[in-house]
Amino acid sequence: MALRALANVKTLGRLRHQQIRGLQTFTLPDLSYDYGALEPAISGEIMQLHHQKHHQTYITNYNKALEQLDDAIAKGDASTAVKLQSAIKFNGGGHVNHSIFWKNLAPTREGGGEPPHGSLGWAIDQHFGSMEKLVAKMNAEGAAVQGSGWVWLAVDKELKRLVVETTANQDPLVTKGASLVPLVGIDVWEHAYYLQYKNVRPDYLKNIWKVINWKYASEVYEKECP
Amino acid sequence: MALRTLATRKTLGALSTFPQQLRGLQTFTLPDLAYDYGALEPAISGDIMQLHHQKHHQTYITNYNKALEQLDDAIAKGDASTAVKLQSAIKFNGGGHVNHSIFWKNLAPTKEGGGDPPHGSLGWAIDQSYGSVEKLIAKMNAEGAAVQGSGWVWLAVDKELKRLVVETTANQDPLVTKGPSLVPLIGIDVWEHAYYLQYKNVRPDYLKNIWKVINWKYASEIYEKECP
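Protein chains in written order, with numbering that gives the first Met the number 0: chain C, 0 to 225; chain U, 0 to 227.
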């Protein structure tokens, strides 16, 4: 059961995750690069809106839904608790997905776009034939997402196998399989590319690989498949 | 069963291009707008209208035609597996074509009546069901803003119950997927492509402004046909 400590916000002010009556809320994580640092693959304008507006809104609404859920649980109000699941999944998923996405990207001069070496590179060749074939598959599936969603490279931590998967809206990858661990996620919502690429999602997908941070993907992979 | 006549495109060339018949299969072409791309400004920018019409709607039509030809082929061969697999492409692209065709008729420049509230029986029905046009708009805007991901918000009439309904659909699902007796009166596209270049992430501002160019005359005509 959640800890019901009476602590005011000032006391906890220095913590990044605020605790109010045992409820953890969230704040917008910083990017480790400037908004313009991923150009020309992704424009600075898109990066700023995507981070400061879209991701922030998911966090704000997730926190609100969590407080309402906490309240409903405390009162034993099952009907409200169940009704809130849609807001929890959508906004919580949006927060989870975008937090991964920022780490999936890096400026070219910090390694963005450099193909993976080590065990992940080997696994990609084994499973897909080559990096180029993996990229082609992810781009085809990403372009084919009907509506809003994401395309993922994941590792199934039970089967120790690489998987390409898509999710709708802000559904997190686990909704497609409890043992799927995201390595690379690409946002294919129109807000992720429209200002720069307009309706041409395939061009966005072609170019984003120039700033994909394979170092992070390799770290996650090596943790699941040591 | 579809008519299987052998007619070449040249023979049929004299027929107007909408819709074309090829081995009994009707395909589709992009309908023209009744107004210029810039005529809905400042509510919706000319940039958006042009991309939305010439790129997004055209792509749904192109892909719908392709899926229809593949479906026609699968049906001719008795290939049920392929026929079923194609339903997703049919629903998405066919729905996209149906929805956008309605949408262009739902819009009109202000100098051609866009934004003028409905009079006659539709206006009365709105007041009866919602209290006022303002309350209806507030409800539609709230539901449109709350669509998670891509979709549409609709004002519809249930032709069985003779009742107005506000409904939302996901992606390009046509309104009938929410009820076979629902007839769309007004649909508002809340996909990001419908507003992002102008309103960025602020979908509520787009929804607030689009009512200035909503063509209530068309909605009234449809309503009066279903509820005479």
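Glycine residues also receive a C-beta, built at the ideal position from the N, C-alpha and C atoms.
Between the C-alpha atoms of residue i and residue j, what's the straight-line distance to the nearest angstrom?
| i | j | result |
| --- | --- | --- |
| C/LYS102 | C/ASN212 | 7 Å |
| C/ASN168 | C/ARG160 | 25 Å |
| C/ALA216 | C/PRO171 | 17 Å |
| C/THR174 | C/ASN62 | 21 Å |
| U/THR26 | U/ASN64 | 5 Å |
| U/LEU154 | U/PRO183 | 6 Å |
| C/LYS209 | U/ASN98 | 36 Å |
| C/VAL219 | C/GLY120 | 13 Å |
| U/ASP204 | U/TYR198 | 7 Å |
| U/ALA137 | C/VAL134 | 44 Å |
| C/MET130 | U/LEU174 | 42 Å |
| C/PRO225 | C/VAL180 | 14 Å |
| U/VAL164 | U/ASP78 | 39 Å |
| U/GLY143 | U/ARG202 | 8 Å |
| C/LYS205 | C/LYS52 | 25 Å |
| U/VAL152 | U/GLU68 | 30 Å |
| C/ALA71 | U/ASN170 | 31 Å |
Considering only heavy atoms of the ligand GTP, does any lie closer than 7 Å to the CB of residue i?
| i | result |
| --- | --- |
| U/THR109 | With respect to small molecules bound, the structure shown includes none, and the ligand GTP cannot be examined in it. |
If you count every other CB in all the chains shown that lies within 10 Å of the CB of residue i, and 16 or more means buried, which is it?
| i | result |
| --- | --- |
| U/GLU191 | buried |
| U/HIS96 | buried |
| C/GLY117 | exposed |
| C/LEU182 | buried |
| U/HIS55 | buried |
| C/SER147 | buried |
| U/LYS161 | exposed |
| C/GLY128 | exposed |
| C/ASP124 | exposed |
| C/HIS97 | buried |
| C/THR227 | The question about residue 227 of chain C has no answer, for chain C in this structure spans 0 to 225. |
| C/GLU189 | buried |
| C/GLN23 | exposed |
| C/ARG108 | exposed |
| U/TRP215 | buried |
| C/ASP33 | exposed |
| C/ALA177 | exposed |
| U/GLY113 | buried |
| C/LEU83 | buried |
| C/GLU221 | exposed |
| C/ALA64 | buried |
| C/VAL281 | One cannot answer for residue 281 of chain C here, as it falls past the ends of chain C, which runs 0 to 225. |
| C/ALA40 | buried |
CB-CB under 6 Å to residue i, same chain, minus the five flanking residues each way: which ones, in chain order?
| i | result |
| --- | --- |
| U/ALA88 | ALA66 |
| U/TYR59 | ASN92, GLY95, HIS96 |
| U/TYR34 | PRO108 |
| C/LYS136 | VAL163 |
| C/TYR192 | TYR203 |
| U/ILE125 | VAL132, LEU135 |
| C/GLU157 | SER178 |
Assuming residue i and residue j are in contact, meaning their beta carbons sit under 8 Å apart, how far apart are those beta carbons, in whole angstroms?
| i | j | result |
| --- | --- | --- |
| C/ASP186 | C/TRP149 | 6 Å |
| U/LYS104 | U/ASP172 | Between U/ASP172 and U/LYS104 the Cβ distance is about 19 Å, and since that is not below 8 Å, they are no contact. |
| C/PRO106 | C/LEU37 | 6 Å |
| U/ALA42 | U/LYS211 | 5 Å |
| C/LEU194 | C/ILE87 | That belief does not hold up - the Cβ atoms of C/LEU194 and C/ILE87 are roughly 29 Å apart, past 8 Å. |
| C/GLY184 | C/ILE99 | 5 Å |
If you drop the 5 nearest sequence neighbours on each side, which residues of the same chain put their C-beta closer than 7 Å to that of residue i?
| i | result |
| --- | --- |
| U/ILE261 | Residue 261 of chain U is absent from the structure shown; chain U starts at 0 and stops at 227. |
| U/SER120 | TYR222, GLU223, CYS226 |
| C/LYS214 | GLY110 |
| U/LEU70 | ALA82, LEU85, ILE89 |
| U/LEU196 | SER44, ASP46, ILE47 |
| U/ALA38 | PRO108 |
| U/LEU32 | HIS52, TRP103 |
| C/TYR196 | ASP202, TYR203 |
| C/GLU140 | VAL150, VAL163, THR165 |
If I measure Cβ to Cβ from residue i and keep anything under 8 Å in the same chain, skipping five residues before and after, which residues do I get?
| i | result |
| --- | --- |
| U/SER180 | ASP157, LYS158, GLU159, LEU160 |
| U/GLY150 | THR167, THR168, ALA169, ASN170, ASP172, VAL189, TRP190 |
Which ranges does the alpha helix (DSSP H) cover as unbroken runs of at least 4 residues, wholly within the stretch 84 to 151 of chain C, from first to last along the chain?
The stretch 84 to 151 of chain C is shown to contain whole alpha helix (DSSP H) runs of 4 or more residues at 92 to 103, 117 to 127, 130 to 142, in chain order.
To test your reading of the DSSP string, which unbroken beta strand (DSSP E) runs of 3 or more residues are found completely within the stretch 178 to 216 of chain U?
Runs found: 181 to 188.
For the stretch 37 to 63 of chain C, list the alpha helix (DSSP H) runs that are entirely contained and at least 4 residues long, ordered along the chain.
If we require 4 residues or more, the alpha helix (DSSP H) runs fully inside the stretch 37 to 63 of chain C come out as 43 to 48.
Could you name each continuous beta strand (DSSP E) segment of 3 residues or more that falls completely within the stretch 39 to 80 of chain U, going from the start of the chain to the end?
Taking only runs of at least 3 residues, no beta strand (DSSP E) segment lies wholly in the stretch 39 to 80 of chain U.
As an exercise, report each continuous alpha helix (DSSP H) stretch of at least 4 residues that is fully enclosed by the stretch 100 to 138 of chain U, in chain order.
Within the stretch 100 to 138 of chain U, complete alpha helix (DSSP H) segments of at least 4 residues are found at 119 to 129, given in chain order.
Length at least 3, wholly inside the stretch 145 to 200 of chain C: the beta strand (DSSP E) runs in chain order:
Segments of the beta strand (DSSP E) lying fully in the stretch 145 to 200 of chain C: 148 to 155, 160 to 167, 179 to 186.
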